[in-house]
Each structure stands twice: as C-alpha cells, then as structure tokens.
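Asks: The structure follows.
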Amino acid sequence: LAKTTQPISMDSYEGQEVNITCSHNNIATNDYITWYQQFPSQGPRFIIQGYKTKVTNEVASLFIPADRKSSTLSLPRVSLSDTAVYYCLVGAGAAGNKLTFGGGTRVLVKP
Amino acid sequence: GAVVSQHPSWVICKSGTSVKIECRSLDFQATTMFWYRQFPKQSLMLMATSNEGSKATYEQGVEKDKFLINHASLTLSTLTVTSAHPEDSSFYICSRRSGSGDTQYFGPGTRLTVL
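Protein chains in written order, with our numbering: chain W, 368 to 478; chain P, 3 to 117.
Rendered as structure tokens:
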C-alpha cells in the first residue's frame, strides 16, 4: 500500500473550513484514496473515498489533483464535534482490503 | 445504526489470564474480518485477517499463539488474548468489508486493561 504523509495536528475554530492535505507520492494506478474519522475510544468511521478530481458527500469534500500524488479533505464549517483524528489511506479498493493506517491528523476545533 | 458490534466494550483482567473479545457483523455475512490494535495516542495497527472456515492470517510480528482468532461463523469472529500481560493492554478494534467491498465498517472497540 502506498505510504501517506499527513500533518500531525491542526487547530481550527467553530464555523471555519478545515482542509487536511495528504501526500501519497507512490500511489498506484488502481489505488483509491479513503479518509476515516476517529473519535477517542471509538472505531474509525468512513468519511469519503475518491479516485480523481472531486468527490463531495453530506459531510466532506475530497479534492484530488490530476497527478493524484496528494489529496485534500475539506470539512466545511466545522463544529466542536468534529474534533477527532482523521486518517488518509491509499490502496486498491483501499477500504475493502487490509488497511495500513498512517499517523493521522489530530484536528482540534475550538469554540 | 451500527453494523459491527464488539463485546465487551471494556475488560480488566489479571496478568496471566485469557480474555476473549467478540466481533459481530450485524447485518451482513462476512467471510473476512480484520483485527486491529491501537495504543494510546497511536494509530491503528493491523494484527490479523480473520477468515471464515480457515486459519487467520497474522501480520508480521504478531504472535498467533498469543492472539487466537476464530471465525466461527459468517457473523462472528473472536480474538482471544492468552496469558495476558500488562503490555497487552490496548484498544482492540475489528472491522469488516462493506457489501460492495470498497469500504470497511469498524466496531466500537474493546478496551483491555491487564493488571
């Protein structure tokens, strides 16, 4: 699985947009990019998955440039409850097979 | 609602005893399930892949005789930590693939504390 690099932590304030960029320089042609959210003492929760360009769902957007060597998770208008660790994973059918989690990004939303 | 459950949610045991953790797929028959371990402030680490009807596949460095995995049915996988020691204290999380195979659903985790 392609290795990923994310910032260790990010601070934000309620109502702001949070953008987390993940680098995956060795992504393979058939790899998908998947993001998970984890709250303390809970299992990770699937947020969004994409292959190229832009994907949007009810909770987030995922921006993937043409070279696919990075991706950016965008959380619009965060609230205190968005404080969590966010993991970027890359792999073929990335979430369906065994997953290799990187360090994740710890997002702290302040009032 | 939850599609993967774990039991117990937390357990405290004495050193040297064995502890069994159950992982259930609530709405889908899962031929494959995954077990992860997570230490405080660290990321998840895959321990093993549980296969219904066959032996589990363990990741490098994970002792198969210490972490016994049994995929008894298409909805149940169990992880038994044998002869537990304080260093086995951790957060254990299981998961299964979605029906389409492109995502994974994780259980709520089990907090194990070995005294």
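No residue lacks a Cβ here, since even glycine has one placed at the ideal position from N, Cα and C. All values reported here derive from a predicted model rather than from experimental measurement.
1. Express the C-alpha separation of R412/W and T33/P in angstroms, rounding to a whole number.
2. Taking Q409/W as the query, report the chain P residues whose CB atoms sit under 8 Å from its CB, ordered along the chain.
3. Quick check on the burial criterion: 16 or more other C-beta atoms within 10 angstroms. Buried or exposed for W37/P?
4. Check the Cβ-Cβ distances between V5/P and every residue of chain W, and say whether any is below 8 Å.
5. Interface residues of chain B around G417/W at Cβ under 7 Å?
6. How would you label A461/W, buried or exposed, when you count the other beta carbons within 10 angstroms and need 16 or more for buried?
7. Have a look at R99/P and H87/P and give me their C-alpha separation to the nearest angstrom.
8. Take every Cβ of the region 392-411 of chain W, pair it with every Cβ of the region 449-459 of chain W, and state whether three or more of those distances are shorter than 8 Å.
9. Are D90/P and L114/P closer than 8 Å when you measure CB to CB?
10. Would I387/W pass as a contact of T439/W if the rule is Cβ separation under 8 Å?
11. Any beta carbon of chain W sitting closer than 8 Å to that of G101/P?
12. Do you know offhand how far G18/P's Cα is from E65/P's?
13. Less than 8 Å separating the beta-carbons of E381/W and L447/W?
14. Between which two residues does the beta strand (DSSP E) holding R98/P run?
15. Distance cutoff 8 Å, beta carbons only. Does Q106/P sit that close to anything in chain W?
16. For a test of the three-state rule: what should DSSP assign to E89/P, helix, strand or coil?
17. Whose C-alpha, out of A58/P, T84/P, E54/P, is nearest the C-alpha of T77/P?
18. Within this structure, are the beta carbons of S45/P and G469/W separated by less than 8 Å?
19. Please report the distance separating the alpha-carbon of P478/W from that of M377/W.
20. For I95/P, return the contacting residues in chain W, with the cut-off set at a CB-CB distance below 7 Å.
21. Using alpha carbons as the reference points, say which of P10/P, W12/P, A74/P, K43/P lies closest to S56/P.
22. Considering only residues of the same chain and omitting the five flanking positions on each side of L28/P, which have a CB-CB separation below 7 Å?
23. Just the C-alpha distance for I23/P and Q106/P, rounded to the nearest angstrom, thanks.
Replies: To lay it out plainly:
1. Residue numbering aside, residue 33/P sits at position 31 when the second sequence is read from its first letter. Residue numbering aside, residue 412/W sits at position 45 when the first sequence is read from its first letter. About 21 Å.
2. In the first sequence, the residue the question calls residue 409/W occupies position 42. The contacting residues are P110, G111.
3. The count along the second sequence starts at 1 and reaches residue 37/P at position 35. Buried, by the Cβ-count rule.
4. Counted from its first residue, the second sequence places residue 5/P at position 3. Not closer than 8 Å to any Cβ of chain W, the Cβ of V5/P fails to qualify, so no.
5. Although the question refers to chain B, the structure presented lacks it and instead comprises the protein chains W and P.
6. Here residue 461/W is taken as the residue at index 94 of the first sequence, counted from 1. At A461/W the pLDDT is 48, less than 50, meaning the model places this residue with poor confidence and gives no usable figure here.
7. Here residue 99/P refers to the residue found at position 97 when the second sequence is read from its first residue. Here residue 87/P refers to the residue found at position 85 when the second sequence is read from its first residue. Computed Cα separation, rounded: 31 Å.
8. Yes: at least three Cβ pairs fall under 8 Å.
9. Within the second sequence, residue 90/P is the residue found at index 88, counting from 1. Within the second sequence, residue 114/P is the residue found at index 112, counting from 1. A contact, by the Cβ cut-off of 8 Å.
10. On the first sequence, position 20 is the one that residue 387/W refers to. On the first sequence, position 72 is the one that residue 439/W refers to. Yes, they are a contact pair.
11. What you label residue 101/P is simply residue 99 of the second sequence in a count that begins at 1. So, not an interface residue.
12. The count along the second sequence starts at 1 and reaches residue 18/P at position 16. The count along the second sequence starts at 1 and reaches residue 65/P at position 63. Taking the straight line from one Cα to the other gives about 16 Å.
13. Numbered from its first residue, the first sequence carries residue 381/W at position 14. Numbered from its first residue, the first sequence carries residue 447/W at position 80. Yes, these two residues count as a Cβ contact at 8 Å.
14. Counted from its first residue, the second sequence places residue 98/P at position 96. Unbroken beta strand (DSSP E) run through R98/P: 92-99.
15. Counted from its first residue, the second sequence places residue 106/P at position 104. Yes, contact with chain W.
16. Start at 1 with the first residue of the second sequence, and residue 89/P comes out as number 87. Reduced to three states, the DSSP call for E89/P is helix.
17. Here residue 77/P refers to the residue found at position 75 when the second sequence is read from its first residue. Measuring from the Cα of T77/P, the nearest candidate turns out to be E54/P.
18. Position 43 of the second sequence, counting from 1, holds the residue named residue 45/P. Position 102 of the first sequence, counting from 1, holds the residue named residue 469/W. Contact: yes.
19. Here residue 478/W refers to the residue found at position 111 when the first sequence is read from its first residue. Here residue 377/W refers to the residue found at position 10 when the first sequence is read from its first residue. Answer to the nearest angstrom: the Cα atoms are 14 Å apart.
20. Sequence index remark: in the second sequence, residue 95/P carries index 93 (1-based). The contacting residues are G410.
21. Along the second sequence, one-based indexing puts residue 56/P at 54. Of the listed residues, the one whose Cα sits closest to S56/P is A74/P.
22. Along the second sequence, read from residue 1 onward, the residue named residue 28/P stands at position 26. Excluding positions up to five away in sequence, the list reads A4, V5, V6, S7.
23. In the second sequence, the residue the question calls residue 23/P occupies position 21. In the second sequence, the residue the question calls residue 106/P occupies position 104. Spanning the two alpha carbons is a distance of roughly 19 Å.
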